[in-house]
Amino acid sequence: MSEKHHYKGLTEAQVLENRKKYGDNTLTAAEKESLWKQFIEKFTDPIIIILLVALVFSFAVSTYEFIVHQQGIHAFLEPVGILFAVLLATGVAFYFEVKANKQFEILNQVNDDIYYKVIRNERVTQVLKKDIVVGDIILLETGEEVPADGELLEAISLHINESTLTGEPMVHKTTNPEEFEQEATYPSNYICRGTSIVDGHCVFEVKKVGDATEYGKVFEGVQIDNSVKTPLNEQLDNLADLITKISYAIAALVVVGRFIVFFSNPANTIEHIDWVLFGGYMLNTVMIAITVVVVAVPEGLPMSVTLSLAYSMRRMMATNNLVRKMHACETMGATTVICTDKTGTLTQNQMTIYETYFNPATDDTLVAEMMAVNSTAYLDFTDKDKPNVLGNPTEGALLLWLYGKGINYLPIREENEVLQQLTFSTERKYMATLVQSVVLGKSVLYVKGAPEIVMTFCHSAGKFNSQISQADFEAKLLQYQQQAMRTIGFAYKVIDDPKAVISENGKLVVEGLQFVGITAISDPVRPDVPAAIKECMGAGIQVKIVTGDTPGTAKEIARQIGLWDDTCTDINHITGAEFAAMSDTDLSKRITHLRVISRARPLDKARLVNLLQQRGEVVAVTGDGTNDAPALKAAQVGLSMGDGTSVAKEASDITILDNSFSSIGKAVMWGRSLYLNIQRFILFQMTINVAACIIVLFGAFLGVQSPLTVTQMLWVNLIMDTFAALALASLPPSERVMSDKPRSRRANIISRTMADGIFGVGGLFVLLLFGFIQYFKNEEITSLTQFSVIDYFAHFFHFGSFQSGLSAYELSLFFSIFVMLQFWNMFNAKAYRTGKSAFAGIGNSKGFIMIALAIIVGQVLITTFGGAMFSVTPLKITDWLIIIGATSTVLWVGEALRMIVRK
């Protein structure tokens, strides 16, 4: 770097001119949404919308009851309850997402307060990163990050870590056209912002700054608005539409039924009709119809979804999944494709010696000495658990290998005096060091580098100097290269004269070295990855590797993790250049076959994600580099790694804190279990709503009203449903869901089996309850010990009004029977799709048990102390025992049916 005076650099006037013309070297940050806007967005949920409509209707009914029938202020309990449900559901979702966003705020900060050596006005000066402009001449040393995109003017043994953009941890850069790599992602004489100098030093001229850089384009890609709906959003949309249609249909039938009942009375002929009476009757009919709409809306569903997501969000943290976007919990369960990068996600992002192939008689102390002294790398022991490599990562792998054998390289390096040294360069492809050896007590020349080059120095008198033949070494070398590994050859020679010339014109001139052997170096696959890949593929999820690595390396890694096998052909692999050259139409035909995309550029993965989504796939993307950010943002779920770049984390929905691909499998299991819990709650609550709606509908045609008061329905529709939401949301995940295939995003959240259960069980409950209405209307019951099954069926078809016929005690009995039927059905909902008993794993469901007890205790307290507010009177203990025992038949029948299915 000493002879750089011939670079004049920019003048102050040119700096100002270029800054005005090309802009600053800063990245345009994304504009954050206000907290108020984030809160308002929670009200766009389809179920919340129909709840708000129901709130308006409910308020209208309550106002009518309050004014016309002069009911007390308790007439407004129903709309207040619905409002409470809406605010609680939206509030919980808002709270958890804001809390998660605060943990990520630091990730969006871009540090521009770093000084760089820049030539300006023919002098070297220090300039802040953000003040660098196009045309600046910058000097970079090993370890420094590249501040802007530019063209190399000089490059000495230059290696760049491009993993943040391409996934490549070490790329050779040069100004010599003869050494340009044609397949390189970026030109060999061009370096990009966000990458870093691994080895060597350089001088380069800035060509692009800020948003115009490759890094800036990726950063801008992070801010693309992602309007892709999650599968759960779509299914809740469909459910909301279904509920709206059904509730309107039932409401219309109520109006028709009440109209028929009115005119079936002989006194209400057209000639003698009392229009005032008819107007009041029809107004009351409209109020009943609106009540049906309100009852049909599952108030507890948004609560169930939110609580399930929040619970999973908290529990997934224990499995090293930090969830930022709440819906990402569930969307993982619907994932059909995972697009993953290689470096740092599938591999450890640390060069490691995979295998050594040395002459058997080579002394271990000699091997340690040749690795320690013939090297320029260092190990940083700041982190006691895991030393970090400073310098060339390939040389660092040798030092880590020694460290793994309990050998500290540093004392060895310090004890051996270096007499002469020929540093490594890509032109030579080897490094040579002459030392005063402690092991041999003589001057020794150590050489390491590309094995095929080092071998050329190991011949004397036409003979290859090694205990193992050159042919054997070459065969082993070919094997390692086919496994996409980097190889290093080692040789040495005792030099009698310590002052002897070992090199001329930068080339080794010594021959007759003893060839010691070869080391194969790889970026090893994380130990848990193959099993995790197998688990995901077993769950019906496609896995695709998108990496900047060479085709050979990418395929080999795919083979090691079980993604590439003997059945794979060229149709399963494509390079980034081929990918970019193909049209969307052609790619769409081939995209399902692809398993590996090599030499990929940053925006290739984002394009892949968009094409997959157009085919109806639910895509999750993993990545840790800035190059992964656009795809992380575009996917339904973006999964960043805990030690990834801040841009990648900002673009993601979930951060895998332990960088383990196996945590992705856990996230899928949680997502599928969460969706199953939501289905269980829908099964439970819609059964209640169907029963309530049909009772009202029967009443309309038979001229009677529901015996359940507004306040009682508030307990059933809100409090008990909230408890049930908590109970079913807190059920632990089941590994069984991993044997299922991903659900179709076009599927209805209410499956055929659920629909059969909802209408079958709901209809059965209606018949039972209607029978109790008829029985209580015709019998004076003061205790269930008087109950007669024969009389129950005898009175079943005795229709007529019962408002004056049911005592307070009978209404309390009916209310408690209704609640307890739903209570036991909650256990059936728990067992949905498990294929097991409702009591299976009950010991691990402490939350479920506690809430089940709370429901029983709550029902007893309300019935005992609710009084006029709930229109109830205390029940006898014997009646409680009979109700609890008799209604439990719902569970025992369910258990019997599940046992039959299992057998």
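Under the working numbering, the residues of the sequence shown are numbered -19 to 883, in order. Backbone N, C-alpha and C fix where the C-beta goes; we use that ideal spot for every residue, glycine too. Note that the structure is a prediction, hence the values are computed from the model and not measured.
Pick out whichever of Phe470, Leu390, Asp452, Asn169 has its Cα sitting closest to the Cα of Glu413.
Checking the sequence, you will find Thr at residue 413 rather than Glu. If we check each option's Cα against that of Thr413, Phe470 comes out closest.
Among the residues of its own chain, which have a CB less than 6 Å from the CB of Gly174, if the five just before and after it don't count?
Excluding residues within five positions, the ones whose Cβ falls inside 6 Å are Thr144, Tyr195, Thr606.
Does DSSP classify Glu349 as helix, strand or coil?
Looking at Glu349 - three-state DSSP - the assignment turns out to be helix.
Under a Cβ-count criterion, where at least 16 other Cβ atoms within 10 Å of its own Cβ denotes burial, should Trp255 be classed as buried or exposed?
By the neighbour-count rule (16 or more Cβ atoms within 10 Å), Trp255 is not buried but exposed.
Given that a residue counts as buried once 16 or more other Cβ atoms are within 10 Å of its Cβ, and exposed if not, what is Asp529?
Buried, by the Cβ-count rule.
Taking Glu432 as the reference, which of Trp804, Asp321, Leu420, Gln461 has the closest Cα?
Nearest C-alpha to Glu432: Gln461.
Considering only the alpha carbon of each residue, which of Ile62, Gln459, Phe495 lies closest to Lys443?
Of Ile62, Gln459, Phe495, the residue nearest in Cα terms is Phe495.
For the beta strand (DSSP E) containing Arg103, list its first residue and its last residue.
Residues 103 to 108.
Return the first residue and the last residue of the beta strand (DSSP E) that Ser227 is part of.
Looking at the DSSP string, Ser227 is not in any beta strand (DSSP E); the run it does join, the alpha helix (DSSP H), is 211 to 244.
From Asp191, Asn758, Leu119, Gly147, pick the residue whose C-alpha is nearest to that of Asn5; which is it?
Considering only alpha carbons, the answer is Asp191.
Just how far apart, CA to CA, sit Lys629 and Ser568?
Cα to Cα, the separation comes out at about 29 Å.
Note down, in chain order, each residue of its chain lying with its Cβ closer than 6 Å to the Cβ of Glu125, except the 5 sequence neighbours on either side.
The answer, listed in chain order, is Ser176.
With DSSP run on the structure shown, which of helix, strand or coil describes Phe794?
Phe794: helix per DSSP, three-state reduction.
Just how far apart, CA to CA, sit Leu688 and Phe56?
If I take the Cα positions, the gap works out to 16 Å.
Got a sec? Which residues, its chain only, sit under 7 Å from Ala615 by beta carbon, not counting five neighbours each side?
The answer, listed in chain order, is Val589, Val599, Ala600, Val601.
With DSSP collapsed to three states, give me the class of Lys443.
Looking at Lys443 - three-state DSSP - the assignment turns out to be strand.
Short of 6 Å in beta carbon distance, which residues of its chain neighbour Tyr(-13), apart from the five on each side in sequence? Order them along the chain.
Within the same chain, Tyr(-13) has close Cβ partners Ile99, Ile117.
Kindly indicate the opening and closing residues of the alpha helix (DSSP H) around Tyr460.
First-last of the alpha helix (DSSP H) with Tyr460: 450 to 462.
Tell me, please, whether the segment 136 to 143 touches the segment 393 to 409 by the rule of three or more beta-carbon pairs shorter than 8 Å.
Cβ pair count under 8 Å is three or more, so yes.
May I ask you to report which of helix, strand or coil DSSP gives Gln50?
Gln50: coil per DSSP, three-state reduction.
For a test of the three-state rule: what should DSSP assign to Ile880, helix, strand or coil?
If DSSP states are grouped into helix, strand and coil, Ile880 belongs with the helices.
Excluding the 5 residues flanking Thr8 on each side, which residues of the same chain have their C-beta closer than 6 Å to its C-beta?
Cβ neighbours of Thr8 beyond the five flanking positions: Asp191.
Which partner residues does Ser483 have in the DSSP bridge list?
Paired residues: Leu488.
Less than 8 Å between the CB atoms is what I'm expecting for Met806 and Ala671, so what's the real figure, rounded?
Incorrect: roughly 14 Å between the Cβ atoms, too far for contact.
Alpha carbon to alpha carbon, how far is Trp650 from Ala818?
Going by the C-alpha atoms only, they are around 20 Å apart.
Quick one: give me the first and last residue of the beta strand (DSSP E) that Ala818 is part of.
Per DSSP, Ala818 belongs to no beta strand (DSSP E) and is neither H nor E.
Within 8 Å, do at least three Cβ pairs link the segment 369 to 376 to the segment 333 to 346?
Counting Cβ pairs under 8 Å, fewer than three are found: no touch.
Could you check which residue in Phe803, Gln(-6), Lys816, Thr555 has the C-alpha nearest to that of Phe828?
Among Phe803, Gln(-6), Lys816, Thr555, the Cα nearest to that of Phe828 is on Phe803.
What runs of the beta strand (DSSP E), each 3 residues or longer, lie entirely inside the segment 98 to 158?
Counting whole runs of 3 or more residues, the segment 98 to 158 contains the beta strand (DSSP E) stretches 103 to 108, 117 to 120, 129 to 141.
Quick test of the definition: if touching needs 3 or more C-beta pairs under 8 Å, does the segment 655 to 662 touch the segment 704 to 723?
Counting Cβ pairs under 8 Å, three or more are found: they touch.
Using 10 angstroms around the beta-carbon of Glu142, count the other beta-carbons present and answer buried if the total reaches 16, otherwise exposed.
With 16 or more Cβ atoms within 10 Å of its Cβ, Glu142 is classed as buried.
State whether the segment 636 to 650 contacts the segment 714 to 733, with contact taken as three or more CB pairs (one from each stretch) at a distance under 8 Å.
They touch, by the three-pair rule.
Using the Cα positions of Lys514 and Thr549, report the straight-line distance between them to the nearest angstrom.
Looking at the two C-alpha atoms, the distance is approximately 20 Å.
Tell whether a beta-carbon distance below 8 Å holds between Asp129 and Lys187.
For Asp129 and Lys187, yes; Cβs fall inside 8 Å.
For His553, which beta-bridge partners are listed by DSSP?
The partner list for His553 (beta bridge, DSSP) reads Val576.
Gly53 and Ser38: beta carbons closer than 8 Å?
Note that residue 53 is Ile in the sequence shown here, rather than Gly. Contact: no.
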